[in-house]
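See below for the structure under consideration.
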Amino acid sequence: MTAVVDEGTNTGEFFGISSAGSFTAQIKKAIDIRLGKPGPGPSHNLPATSRSVLGVTGAGDAPAPELSYVLPPRRQADHLMELYWFYVDPLYPFLDRKRWTNAYNAIFAGTVIDFNERIFVATLNIIFALSTQLLESQSLEQREQSSETYFRRAQDLLPMSPWESGSLELVQCLLVTSQYLQSTYNPHQTWMVVGSAIRMAQGLGLHLPETSADRTDPGERELLRRIWYGCILMDRMVSVTHGRPAMISKRPAMAVPLPNKSQPVDPRDITSGKDTGYYSFFVESVRLYEIIHQTMIALYGGSHSGRCKAKEHHISDHDSSDNDDEDLDKVVQLDRSLSKWEKKLPDHLKWNMLEANKDEISRRQAVILRMRFLHARILLLRPLLSRFCLTQSPAENSLADDTLQIRVIQQGAMFCVAMAQNIITTLLTHQTLDSTVGLLPAWWYRVYYVYSAATVLIAAKLRPDVFPAVEIGRSWGQAISVLKAHEKFAA
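Residue numbers (the numbering used here): 15 to 505.
Below you can see the structure in the form of structure tokens.
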């Protein structure tokens, strides 16, 4: 994903301690200290600038030209839309499929649609750009050229002003845009687009329970709730990957009732009484990322970060032991929350029911949810891994002071490594040979997960007395194998 960089060294941006790049920097520092190498000096990079997303402009800029747009041939457009409905919508249901399909058909037929046409066509181009990134059989050059063409068309169509009021359709557009930007190398744009979507949604009152509750149409009510929780989900996701504070705190985030997991998506299901559970994955993802959000606050927040830096610079902290005890308590409590969440999953999303599940979409949802769960545990246990493996001298690794706390930290570190190995094994097991996505997440998420898991293995290599070199080496080889399979996606 976009935040897999080395602490923003090349961009001048801030990436906090929960980001994969920051953890890599911690490992580098631990190795340098053991080798007696001097640490790098402070960075003085200036923030990078880039072209605005979706043509965001100031109030004094020239007005947008009259609506004029280009669409791909219908067959190509249909294929890209099919990819979106199959691979993206089951995970991020930000659109009303029935209404969207009607407008899509009307656009190609040249008839009037019940959308703001400019926003609709811009969103359509973002979908085309996103779906193009899912065409894994294409070369890097083909995918990047095509997706960039679609994205620039969207930018040209939608010159927004920060002084103008938003709309529900624009929030949807921004959420879909945030999905596309995660496949690019623009972490700043991803961060800003998600923030814009949240502020616009709040401006529309989506954070208030009564806004959706007052809607008499059930479909419209559920859509409003999915859009709001889509903002929350993306807020939590970019907060983790960028290592920055989330914009929405827990209480206002969860004030709105969760969307209905079992709302039928096909009118035929209403008459047949069939319960699709189509939105179960989305709702469970929101719940999982709320636990991850609490993990970020408890273990990666400002005070914890400050303690880490104090230890790095040998600053005395008389309360260090008490704080460490508190962290262990938090880890146990949050791990209990993760276990409860896993046990309460509906059957079609449970990992141990995967083989019995014959529906391709829900099978993929189960695999992706499993990977998110494993990654959540890595984030939870990684501070223990750091304390166990990244100590500043071998003397600190001595078990002379063998205490229960040390044993718990060691077990937490071992559990973290096991989670990383599970992620790598899952990626390897479900990797396709026909250049399709298969049951796995999109390629940029796969790279992010294997990168996160591989950094855990690097840390484990610093403690060969606990983690057998042969076992870690085997997992490392598997991780490299997965990364090599993704070389064609690298710029």
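Note that CB positions come from ideal geometry on N, CA and C, so glycine has one too. The structure displayed is predicted, hence computed values, not measured ones.
Rounded to the nearest angstrom, how far is the Cβ of A312 from that of L348, given a contact under 8 Å?
Counting from 1 along the sequence shown, the entry for residue 312 is found at position 298. Counting from 1 along the sequence shown, the entry for residue 348 is found at position 334. Right, their Cβ atoms sit about 7 Å apart.
Within the chosen definition, does the stretch 372–390 reach the stretch 110–120 through at least 3 CB pairs nearer than 8 Å?
No, the stretch 372–390 does not touch the stretch 110–120.
Do S192 and A211 have their beta-carbon atoms positioned less than 8 Å apart in this structure?
Residue 211 sits at position 197 when you count from the first residue of the sequence shown. Residue 192 sits at position 178 when you count from the first residue of the sequence shown. Closer than 8 Å, so yes.
Can you name, in chain order, every residue of its own chain whose Cβ lies under 8 Å from the Cβ of E183, other than the five neighbours on each side?
To locate residue 183, count along the sequence shown from 1; it is residue 169. For E183, where only same-chain residues beyond five positions count, the Cβ hits under 8 Å are F129, N130, I133, F134, T137.
Under 8 Å between the Cβ atoms of I246 and A267?
The residue you call residue 246 lines up with position 232 of the sequence shown. The residue you call residue 267 lines up with position 253 of the sequence shown. In this structure, A267 lies closer than 8 Å to I246 by Cβ.
Assess contact between the stretch 194–208 and the stretch 252–259, defined as three or more Cβ pairs (one per stretch) separated by less than 8 Å. Is contact present?
Taking 8 Å as the limit for Cβ pairs, the verdict is that the stretch 252–259 does touch the stretch 194–208.
Would P223 and P259 be called neighbours here (beta carbons separated by less than 8 Å)?
Against the sequence shown, residue 223 aligns to sequence position 209. Against the sequence shown, residue 259 aligns to sequence position 245. Contact: no.
Going by C-alpha distance, which of Q379, L352, I375 is nearest W365?
On the sequence shown, position 351 is the one that residue 365 refers to. Answer by Cα proximity: Q379.
With a threshold of 8 Å, are at least 3 pairs of Cβ atoms found where one atom belongs to the stretch 95–110 and the other to the stretch 138–156?
Result yes; three or more Cβ-Cβ pairs closer than 8 Å.
Rounded to a whole number of angstroms, what is the C-alpha to C-alpha distance between R488 and G124?
If you number the sequence shown from 1, residue 488 lands on position 474. If you number the sequence shown from 1, residue 124 lands on position 110. Their backbone Cα atoms lie some 58 Å apart in a straight line.
Measure from the alpha carbon of Y303 to the alpha carbon of each residue in V190, S351, L342, then state which is nearest.
Stepping through the sequence shown from its first residue, residue 303 is reached at position 289. Considering only alpha carbons, the answer is S351.
Are the CB atoms of L171 and Y83 within a distance shorter than 8 Å?
Counted from its first residue, the sequence shown places residue 83 at position 69. Counted from its first residue, the sequence shown places residue 171 at position 157. Yes, the pair counts as a contact, with Cβ atoms nearer than the cut-off.
Return the chain-ordered ranges of every alpha helix (DSSP H) run that is complete within the stretch 337–404 and spans a minimum of 4 residues.
Counting only runs of 4 or more, we get 374–403.
Exposed or buried, which one is S160 when buried takes at least 16 other CB atoms within 10 Å?
If you number the sequence shown from 1, residue 160 lands on position 146. Buried, because 16 or more other Cβ atoms sit within 10 Å of the Cβ of S160.
Within the same chain, show all residues whose beta-carbon is closer than 8 Å to that of R460, passing over the 5 residues directly before and after it, in chain order.
Here residue 460 is taken as the residue at index 446 of the sequence shown, counted from 1. The answer, listed in chain order, is L441, L454, V496, H500.
Which same chain residues, not among the five before or five after R377, have their C-beta less than 8 Å away from its C-beta?
If you number the sequence shown from 1, residue 377 lands on position 363. The residues are L368, N371, L453.
Are there 16 or more other CB atoms within 10 angstroms of the CB of A390, so buried, or fewer, so exposed?
Counting from 1 along the sequence shown, the entry for residue 390 is found at position 376. With 16 or more Cβ atoms within 10 Å of its Cβ, A390 is classed as buried.
So the candidates are N436, D92, T225, G291; which of them puts its Cα closest to the Cα of V470?
Taking the first residue of the sequence shown as 1, we reach residue 470 at position 456. Ranking N436, D92, T225, G291 by Cα distance to V470 puts N436 first.
Between N139 and F122, is the Cβ-Cβ spacing less than 8 Å?
Working through the sequence shown from its first residue, we reach residue 139 at position 125. Working through the sequence shown from its first residue, we reach residue 122 at position 108. Cβ atoms of N139 and F122: not closer than 8 Å.
Check L454 in the structure and name its three-state DSSP category.
On the sequence shown, position 440 is the one that residue 454 refers to. Note: L454 maps to coil in three-state DSSP.
Take R88 and list the residues in its own chain whose beta-carbon comes closer than 8 Å to its own, dropping the five residues that flank it on each side.
For this step, residue 88 is matched to residue 74 along the sequence shown. Correct list, in chain order: F122.
Only counting the same chain, and skipping five residues up and downstream in sequence, which positions put a Cβ closer than 6 Å to that of L188?
As a working note, residue 188 is residue 174 in the sequence shown. The residues are V207, S210, A211.
On a Cα-Cα basis, can you pick out the residue from R401, S299, G426 that is closest to L105?
Here residue 105 is taken as the residue at index 91 of the sequence shown, counted from 1. Closest by alpha carbon: S299.
Please classify D231 as buried or exposed, where buried requires at least 16 other C-beta atoms within 10 Å of its C-beta.
Here residue 231 corresponds to residue number 217 of the sequence shown, with the count starting at 1. Result: exposed.
On the three-state DSSP scale, how would you describe T285?
As a working mapping, residue 285 is identified with position 271 in the sequence shown. Because the pLDDT of T285 is 44, which lies under 50, any placement of that residue in the model is unreliable, and the number read from its coordinates should be weighed accordingly. Of the three classes helix, strand and coil, the one that applies to T285 here is helix, per DSSP.
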